[in-house]
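In this note's numbering, the protein residues as written are 16 to 334.
See the structure below:
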């Protein structure tokens, strides 16, 4: 009986081991198939991403290649062909001698105009946004939520709706067709966005910092300067990049509110493209467009990672 019993046990053990091996084999095959499927999906995803990146960057590549050609090469060859004899002549002309209407000074003066408009507008709107966000997050008052909602409403107003009221206001202030008037327009229109950025960032900071500072006798501006502002570099980077890009690329406000002596580079670029004496110089147009876009490209290349980090740091749910 013992021998028969042992044989049964051995048979059961062998059967269980066989079943276990079968399960392991099936699990391994499943994992292999899953791994292969994941690799295929990843390859498909990369192909899609590379295709989309090429479609997005192709116009920029075409502009760069054709800005290095002369006019005859563009007219006689394909736009997608590499330049046979690369030259920066078109870039030089676009910068210093291309005609932008009745004057032929290139886009250099307008490039400087844009910096004169962008830098103060970015600085002022960032400071005001930081103060507004500080008040709306750390110094709550009765009706602050309503005020924030009304301010936020400005983010959704189309540019075209505010043109006439702003033009009338600038005329009443004596700032029509001036650089100061255009700076004021960008500050007012951008303040809703900058306030939103800073308010959402400051909501994530512990209010105990402000409460402790109040107990120690610190006032409104001292708390902002000594406690809140040193914690703000991530969102300051986001706001500066956002405002710089929006103001630099703006065309509508520039063409409506600026005067002949303070046109931004985007308006000058439009004038250059629509001005021609004799044949159309596409290489100069493309070089001018690249020069006009260069500051924003440089900003995103060197500060893009900080922009993403700042957005992540400020991605908190508003209270």
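Glycine is no exception: its CB is placed at the ideal position from the N, C-alpha and C atoms.
1. According to DSSP, is residue 120 part of a helix, a strand, or is it coil?
2. Return the chain-ordered ranges of every beta strand (DSSP E) run that is complete within the region 267 to 321 and spans a minimum of 3 residues.
3. Just mark residue 54 as buried or exposed, buried being the case when its beta carbon has 16 or more other beta carbons within 10 Å.
4. Determine the contact status of residue 80 and residue 305, defining contact as a CB-CB distance below 8 Å.
5. Thinking C-beta only, is residue 137 closer than 8 Å to residue 259?
6. Can you give me the C-alpha to C-alpha distance between residue 146 and residue 160, rounded to a whole angstrom?
7. On the DSSP letters alone, give me the boundaries of the alpha helix (DSSP H) that residue 197 sits inside.
8. Residue 194 and residue 131 look like a contact to me (Cβ under 8 Å); what is the Cβ gap, rounded to whole Å?
9. In the DSSP assignment, find the unbroken alpha helix (DSSP H) run with residue 251 in it and report its ends.
10. Measure the C-alpha to C-alpha separation of residue 336 and residue 281 and round it to an integer number of angstroms.
11. In angstroms with no decimal places, state the Cα-to-Cα distance between residue 208 and residue 246.
12. Measuring alpha carbon to alpha carbon, tell me which of 315, 299, 221 ends up nearest residue 107.
13. Which same chain residues end up closer than 6 Å to residue 105 when comparing Cβ atoms and leaving out the 5 residues on each side of it in sequence?
14. Determine the burial state of residue 206: buried for a count of at least 16 other Cβ atoms within 10 Å of its Cβ, exposed for fewer.
15. When you compare only the Cα positions, how much space is there between residue 241 and residue 233?
16. Flag this pair as yes or no: are the beta carbons of residue 262 and residue 201 separated by less than 8 Å?
17. Would you call residue 252 buried or exposed, if buried means 16 or more other Cβ atoms sit within 10 Å of its Cβ?
18. Compare the Cα-Cα distances from residue 176 to each of 268, 237, 292, 165 and report the closest residue.
19. Which parts of the region 70 to 155 are runs of the beta strand (DSSP E), unbroken and 3 residues or longer, counting only runs that do not cross its ends?
A quick look at the data gives this:
1. Looking at residue 120 - three-state DSSP - the assignment turns out to be coil, as it is neither helix nor strand.
2. Listed in chain order, there is nothing to give.
3. Residue 54 should be labelled exposed.
4. No, they are not a contact pair.
5. Cβ atoms of residue 259 and residue 137: closer than 8 Å.
6. As the crow flies, the alpha-carbon of residue 146 is around 16 Å from that of residue 160.
7. Residue 197 -> alpha helix (DSSP H) spans 194 to 218.
8. Going by Cβ atoms, the distance from residue 194 to residue 131 rounds to 6 Å, so yes, they are a contact pair.
9. Note, residue 251: alpha helix (DSSP H), 248 to 263.
10. Given a span of 16 to 334 for the chain in the structure shown, any question on residue 336 remains unanswerable.
11. Taking the straight line from one Cα to the other gives about 19 Å.
12. When only C-alpha atoms are compared, the closest one is 299.
13. The answer, listed in chain order, is 82, 298, 299, 302.
14. Per the 10 Å Cβ criterion, buried.
15. Their backbone Cα atoms lie some 9 Å apart in a straight line.
16. The answer is yes: Cβ separation under 8 Å.
17. It counts as buried.
18. Nearest C-alpha to residue 176: 268.
19. With a minimum length of 3 residues, no continuous beta strand (DSSP E) run stays inside the region 70 to 155.
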